[in-house]
Amino acid sequence: MRGAEYVIISKGALHGRDALELVFEDGSDAPFVIHMLSEQCDRLLPENNQGGGFVVTVWTRGGNQLRYPGKYRVVENLPDVSPWSEH
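Just so you know, we're using the working numbering here: the sequence shown kicks off at 28 and counts up by one.
Rendered as structure tokens:
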């Protein structure tokens with residue numbers, strides 16, 4: 028996670044449920060990935076907000092630990108984990 032350049036957030040279906048995938052893109056074949064159901068979020072980006080221009084932050088009990096540029100897209104199914112350039 029720490030070596031990522033940016034985070035790709037993809038919204039799509041995961042096992043038939045609305046979900047998000049966060050890919051901490053570091054250019055490797057095995058980036059750090061988090062899958063979570065949409066209901067675990069307190070808010071979602073609108074589908075017409077695809078692209079970038081926002082910041083993804085990582086928080087722990089010790090406060091804000093990491094900040095990355097964010098990129099958002101809507102896909103049909105998760106997992107996706109494809110590079111940003113493929114969409």
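Beta carbons: idealized from backbone N, C-alpha and C, even for Gly.
- Status (buried if at least 16 other CB within 10 Å, exposed otherwise) for Phe51: buried
- Query: Over what stretch of residues does the beta strand (DSSP E) that includes Asp69 continue unbroken?
  - Reply: First-last for Asp69: undefined, no H or E at that position.
- Would you decide whether Ala57 is buried or exposed? Buried here means 16 or more other CB atoms lie within 10 Å of its CB. exposed
- Query: Whose CA, out of Leu105, Pro110, Val85 and Gly30, lies closest to the CA of His42?
  - Reply: Leu105
- CA-CA distance, Val82 and Ile61? 16 Å
- For Arg44, does the count of other Cβ atoms within 10 angstroms reach 16, so buried, or fall short, so exposed? exposed
- Can you list, in chain order, the residues of its chain whose CB lies under 6 Å from that of Arg93, leaving out five sequence neighbours each side? In the sequence as displayed, the identity of residue 93 is Leu instead of Arg. The answer, listed in chain order, is Val85.
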